[in-house]
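In what follows, a single structure is set out as structure tokens and then discussed.
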Amino acid sequence: MPGDLTLVAQADVDAVMDAYADRPNLPIRQGALLELADWQSGMDVTDEQLTQLFRIRHLLGFSALAHRELFHHSGYSNFDTYVLVVQRFKPNEPSTFSFSVRRRDGQSTHFWGSDEFAFHRPTHVDAGAKIVFDEALLAALLELPDSHEHIYEAIVEFNLANTDSADVPDHVEVVMCKSAFEWLLQIDSNVKSFEVALEAGLSGIDFQPSEGPFIAKWSTRWPKSLNLLGAWVRDFCAVRGTSAHGAKKTDFVWTSRRHLAFIAIFFPLLVKKVLADEGLMTLADEDIERLRHIHAYLAHDPFDFDWHSGASHPWSEARSQETIAMLAKRLYPDWK
């Protein structure tokens, strides 16, 4: 399956797939053929089409990251789950192919045969990962007008900070995430600019009070902040400063790893809020409730949890409270 197509034979499709493996000596045995717009399987790809394909890869990957849940036993994905390989081949000679890679001084092209080379699934990508994404978000991003290109740039920065690759250390991911916020909110690197933009962008959100062991730590470390989110901004910017400039400071509420976990949840929500404010999509009830309960994620250390305790992870508890609040509003519209 699918059999010979108009522009490509089944034998060529099979031979191309031979160059892909889940792991050494375990080649891929099934896949899906996607034909986009006017492009059909077997056609060559122009440089413009290549640019669009990689753009779509970023938008799809981000929509998947926006849909994932952290601290769950299943359903996890990262940006490298959506690796895109562009492979050229000649009809009737598909076992020999070429691909180009980036170099600091340009690029180089490599020629291989599928009997001596395979594209392997990265070890940090779950073998059981599913293609699941936020459909409404992807639809909005695919229609993103040129005037809002800064949102796409923000998404690229965020995606590259969420590959889980061991080659990208935490402090680099922190810097990229701060850049993502700057692109999204159109601000400079100053912490005050971040605070003001975030306060203005979320002014219509009725934040719900939260309880947890870290509430006091935030207010003690950052007493001038208006709320937990404001304290988080200051702490994150301080962590980013040490990450970028190498200064040694240890008086942070959260480490880089904890900030990155929170950003993985908060940033996609903020992108949706920005899109909604610009009239480019409608915030779902689920997203509104998650923003209203966002302080609950800051009230706990997500990595300080005993998985053998039988209790629910505090971030999972927060998710449950959001769902309960959303359902209650649907059943009782006057409920607050």
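For what it's worth, the working numbering labels the leading residue of the sequence shown as 3, then goes sequentially.
By construction, the Cβ of each residue, glycine as well, lies at the ideal position given by its N, Cα and C atoms.
With respect to the beta strand (DSSP E) encompassing residue 237, which residues constitute its N-terminal and C-terminal limits?
Start at 1 with the first residue of the sequence shown, and residue 237 comes out as number 235. Where residue 237 is concerned, there is no enclosing beta strand (DSSP E), although the alpha helix (DSSP H) it sits in stretches over 230 to 247.
Rounded C-alpha distance that separates residue 190 from residue 198:
Position 188 of the sequence shown holds residue 190. Position 196 of the sequence shown holds residue 198. Using only the alpha carbons, I get a separation of about 11 Å.
Could you check what DSSP says for residue 220 in three-state terms: helix, strand or coil?
Against the sequence shown, residue 220 aligns to sequence position 218. Per DSSP, reduced to three states, the secondary structure at residue 220 is helical.
For the beta strand (DSSP E) holding residue 92, just list the boundary residues, first then last.
Taking the sequence shown and counting its residues from 1, the one referred to as residue 92 is at position 90. From DSSP, the beta strand (DSSP E) with residue 92 extends over 90 to 92.
Starting from residue 185 and walking both ways along the alpha helix (DSSP H), at which residues does that stretch end?
If you number the sequence shown from 1, residue 185 lands on position 183. Per DSSP, residue 185 belongs to the alpha helix (DSSP H) from 172 to 187.
Cβ contact check for the region 70 to 78 and the region 33 to 51: 3 or more pairs under 8 Å:
With a cut-off of 8 Å, the region 33 to 51 and the region 70 to 78 do not count as touching, because too few Cβ pairs lie within range.
How would you label residue 136, buried or exposed, when you count the other beta carbons within 10 angstroms and need 16 or more for buried?
As a working mapping, residue 136 is identified with position 134 in the sequence shown. It counts as buried.
Decide if the region 172 to 187 is in contact with the region 238 to 247; the criterion is three or more beta carbon pairs, one per stretch, under 8 Å apart.
yes
May I ask you to report which of helix, strand or coil DSSP gives residue 201?
Counting from 1 along the sequence shown, the entry for residue 201 is found at position 199. In this structure, residue 201 counts as helix in the three-state DSSP scheme.
Member of 231, 18, 204 whose CA lies at the smallest distance from the CA of residue 97:
Stepping through the sequence shown from its first residue, residue 97 is reached at position 95. For the residues 231, 18, 204, the minimum Cα distance to residue 97 belongs to 18.
What does the alpha-carbon distance come out to for the pair residue 115 and residue 29?
Taking the first residue of the sequence shown as 1, we reach residue 115 at position 113. Taking the first residue of the sequence shown as 1, we reach residue 29 at position 27. In this model, residue 115 and residue 29 are separated by some 14 Å (Cα to Cα).
Under a Cβ-count criterion, where at least 16 other Cβ atoms within 10 Å of its own Cβ denotes burial, should residue 311 be classed as buried or exposed?
Indexing the sequence shown from 1 puts residue 311 at position 309. Residue environment analysis places residue 311 among the exposed positions, since fewer than 16 neighbouring C-beta atoms fall within 10 angstroms of its C-beta.
Report the option in 102, 152, 183 whose CA atom is closest to the CA atom of residue 163.
Counting from 1 along the sequence shown, the entry for residue 163 is found at position 161. Here the closest residue by C-alpha is 183.
Identify whether residue 42 lies in helix, strand or coil by the three-state DSSP scheme.
Working through the sequence shown from its first residue, we reach residue 42 at position 40. Note: residue 42 maps to coil in three-state DSSP.
Assign residue 289 to buried or exposed, taking buried as 16 or more other Cβ atoms, counted over all protein chains shown, within 10 Å of its Cβ.
To locate residue 289, count along the sequence shown from 1; it is residue 287. Of the residues assessed, residue 289 falls on the buried side of the cut-off, its CB having 16 or more other CB atoms within 10 angstroms.
Does any residue of chain E have a CB that is nearer than 7 Å to the CB of residue 195?
In the displayed structure, chain E is absent; only one protein chain is listed.
Per-residue DSSP class, three states only, for residue 270
Sequence index remark: in the sequence shown, residue 270 carries index 268 (1-based). Looking at residue 270 - three-state DSSP - the assignment turns out to be helix.
Do residue 134 and residue 69 have their CB atoms nearer than 7 Å?
Within the sequence shown, residue 134 is the residue found at index 132, counting from 1. Within the sequence shown, residue 69 is the residue found at index 67, counting from 1. Yes, the Cβ-Cβ distance between residue 134 and residue 69 is below 7 Å.
Locate the alpha helix (DSSP H) running through residue 317, then write down its first and last residues.
The sequence position of residue 317 within the sequence shown is 315, counting from 1. Per DSSP, residue 317 belongs to the alpha helix (DSSP H) from 316 to 333.
Cutoff 7 Å; reference residue 172; Cβ partners in own chain excluding five residues on either side:
On the sequence shown, position 170 is the one that residue 172 refers to. Here the set comprises 258, 259, 262.
In chain order, which continuous runs of the beta strand (DSSP E) of length 3 or greater are located wholly inside the region 55 to 80?
none
Residue 210 in three-state terms, based on DSSP:
For the purposes of this step, residue 210 is taken as residue 208 along the sequence shown, with counting starting at 1. Three-state result, residue 210: coil.
Helix, strand or coil for residue 303 per DSSP?
Translated into the one-based positions of the sequence shown, residue 303 becomes position 301. Residue 303: coil per DSSP, three-state reduction.
To which residues of the same chain is residue 234 closer than 6 Å at the C-beta, ignoring the five residues directly before and after it?
For the purposes of this step, residue 234 is taken as the residue at position 232 of the sequence shown. Closer than 6 Å at Cβ, skipping near neighbours: 300.
Report yes or no: do three or more beta-carbon pairs, one from the region 139 to 148 and one from the region 109 to 126, lie closer than 8 Å?
no
Between the alpha carbons of residue 215 and residue 298, how many angstroms are there, rounded?
Taking the sequence shown and counting its residues from 1, one reaches residue 215 at position 213. Taking the sequence shown and counting its residues from 1, one reaches residue 298 at position 296. Those two C-alpha atoms are separated by around 11 Å.
Distance check for residue 333 and residue 16, CA to CA, integer angstroms please.
Position 14 of the sequence shown holds residue 16. Position 331 of the sequence shown holds residue 333. Their Cα atoms are separated by approximately 52 Å.
Report back the beta-carbon spacing between residue 282 and residue 142 to the nearest angstrom; my notes put them in contact at under 8 Å.
Residue 282 sits at position 280 when you count from the first residue of the sequence shown. Residue 142 sits at position 140 when you count from the first residue of the sequence shown. With a beta-carbon spacing of about 5 Å, residue 282 and residue 142 fall inside the 8 Å limit used to define contacts.
Measuring CB to CB, does residue 100 end up less than 7 Å from residue 111?
Start at 1 with the first residue of the sequence shown, and residue 100 comes out as number 98. Start at 1 with the first residue of the sequence shown, and residue 111 comes out as number 109. Cβ distance < 7 Å, so residue 100 and residue 111 count as in contact.
Around the Cβ of residue 316, are there at least 16 other Cβ atoms within 10 angstroms (buried) or fewer (exposed)?
Position 314 of the sequence shown, counting from 1, holds the residue named residue 316. Buried: at least 16 other Cβ atoms inside 10 Å.
For residue 95, the residue or residues it bridges with in DSSP
Working through the sequence shown from its first residue, we reach residue 95 at position 93. Answer by DSSP bridge pairing, in chain order: 92.
Only counting the same chain, and skipping five residues up and downstream in sequence, which positions put a Cβ closer than 6 Å to that of residue 321?
To locate residue 321, count along the sequence shown from 1; it is residue 319. Once the five neighbours on either side are set aside, residue 321 has no close Cβ partner at all.
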